[in-house]
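In what follows, a single structure is set out as structure tokens and then discussed.
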Amino acid sequence: MFWYGNYDGLSKPPTFDLEFDGNKWATVVTNTTSFTYYEMIYATKGDSISICLARTRDQEFPFISRLESLPLPDDMYPQMRRDMAWFIRYRYNYGADDRIIGYPDDKYNRIWEPQIPPGLDSVTANFTSLDETSVNVPPDSAIIKAVEASATDRINLSFGFDNVSHLDHVEMYFTEPFLETSETRSFNVTVNGSFVNTTTPEYQICTSVWANLQSIGTLDIQLVPTEDSTLAPIISAIEVYTVSQPLVIATTSQNDLDGLEEFIETFDQLKGWSGDPCLPNDTIWQWLNCSTNQPPRVTSIYLSGFGLQGYLPNFSQMDALEVIDLHNNKLSGEIPDFLGKLPNLRLLDLRDNDFSGCVPQSIIDNKQINYMIDENENSSCRKSKNAATIGSSIGSVILLALLVSCCYYCCCRGSKQTDPSPTESTVEFIPEPAPVPQVIVQQTVEVHQVVRNY
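All residue numbers for the sequence shown refer to my numbering, where the first residue is 15 and numbers rise by one.
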């Protein structure tokens, strides 16, 4: 649940993404006048659930007012597939116009909004509790009130959705509010024109009718009286859910999760980062790049200018890393030896820090790593691979120049012995330019900041 209330004094209610276990849940659009809530039914895959708020707009910061998790019995909503999540879109307590029902009326704290559709009559049962109820256990207070069609007319209910195909799950709840021995009430239930069930409500008993169906745009429900019915159709409550996209099965590699946890525990600047760093793939952590493999791997770390201080932790288990950019911080101590042993590392940028000592031999010997360690005042050894390459090239030039000079001297001496007037000649060696250091520019787009584990 989200209630902005201008808590920051900026009168700028934010928009951000809501995620669970690496899956997109919803785009939260808050406002200054009312609360916004989201609810889902989800069969968790482990002992915990990760709920994340992902910043998707510049200068708009996620917040949360309330988070609840309540276990449901296994037999509730049996027609919902357990390998998907189900998002509530509509839940109405028909016939009521006074209050929203939640806990303690509903022990699972489902939100039942009061609703009296136009053209329907509000009805209240002549009892206050049910003798029997549906397997989904709707609260009695949501069932004893209902809406009824006039005379023997039908009931038409419409629910709007985006104009895209989606799978819906509908639960409708009925009871007979009055004990009438001389009257009968029965009606056919159709959803989007398809027959679902013929229903005869029973006094002081809650029965339910469900349907799973594919919809595009509006979901239409009709309750049409049967030929032998003497009473109009009636409905007490309804729930409409939409199924999620196929759920992510694999999370980010555990090696990467463990390595990132080392970063987060070591540096205060990273304390707010949690949840799955690579999923969903449109909200990867701002300072990372990830692969599209299953499970995804962290391939780049970009923490330049984050104000990191202290020693680098051991994150040697992150063996898919290709780029590590930690320049312009205040990192100190010796450069860890494990960096040179990361099998896929191509770029290591440690410039503008306070590292001491020499570059580990493992980094120097790794021919595939382009490393930069300039502007570390406490380090007195080799600064970068590029410097070593230039020095090697100059040394080769000097050796070649000496060799050419020697050859020239020998040739000139031989010529003077056979030619009394040799033509004066010179040999000029122009070394090839030293290789230009390769600069890799990685553009990162600020996407979000994640907050979770409330």
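C-beta atoms are modelled at their ideal positions from N, C-alpha and C, and glycine is treated no differently.
Exercise. Hey, out of E162, E146, R96 and R124, whose CA is closest to P131's CA?
Worked result: E162
Exercise. So T232 and G174 are in contact, right, with Cβ under 8 Å, and what is the actual spacing, rounded?
Worked result: 6 Å
Exercise. Is S148 near S222, with beta carbons less than 7 Å apart?
Worked result: yes
Exercise. Since I235 is in the beta strand (DSSP E), which residue starts that stretch and which ends it?
Worked result: L233 to P239
For this session: Inspect the CB distances between the segment 337-347 and the segment 314-321 and report whether three or more fall short of 8 Å.
Result: yes
Problem set entry | Separation of P152 from L193, as counted between CA atoms | 21 Å
Problem set entry | Whole-angstrom distance between P76 and N45, CA atom to CA atom | 13 Å
Exercise. How many Å lie between V210 and T204 at the Cα?
Worked result: 5 Å
Exercise. Which residue's Cα is closest to the Cα of T41: P191, P28 and L284?
Worked result: P28
For this session: Compute the minimum distance between the beta carbon of R103 and the heavy atoms of the ligand ATP, and state whether it is under 6 Å.
Result: Among the ligands in the structure shown, none appear at all, so the ligand ATP cannot be discussed.
Problem set entry | Buried or exposed by the 16-neighbour rule on C-beta atoms within 10 Å, applied to C421 | Per-residue confidence for C421 stands at a pLDDT of 40, beneath the threshold of 50, marking its modelled position as unreliable; the derived number appears in the next sentence. Answer is exposed; the Cβ neighbour count stays below 16.
For this session: Look at the alpha carbon of G347 and the alpha carbon of Y325, and state the distance between them as a whole number of angstroms.
Result: 6 Å
Problem set entry | DSSP state of I298 mapped onto helix, strand, coil | coil
For this session: Check the C-beta distance from P215 over to I248 and give it rounded, since I have them as a contact under 8 Å.
Result: 6 Å
Exercise. Does the distance from the C-beta atom of G273 to that of Q228 stay below 7 Å?
Worked result: no
Exercise. Would the segment 132-141 and the segment 98-111 be scored as touching if the rule is three or more Cβ pairs under 8 Å?
Worked result: yes
Problem set entry | Closest residue to Q308 among L284, S267 and P291 (Cα-Cα distance) | S267
Exercise. Do F369 and L322 have their C-beta atoms closer together than 7 Å?
Worked result: no
Exercise. Which residue or residues does DSSP assign as beta-bridge partners of V373?
Worked result: Looking at the DSSP assignment, V373 forms no beta bridge with any residue, so it has no partner.
Problem set entry | Endpoints, the alpha helix (DSSP H) within which E391 is located | That residue, E391, is in no alpha helix (DSSP H); it is neither H nor E in DSSP.
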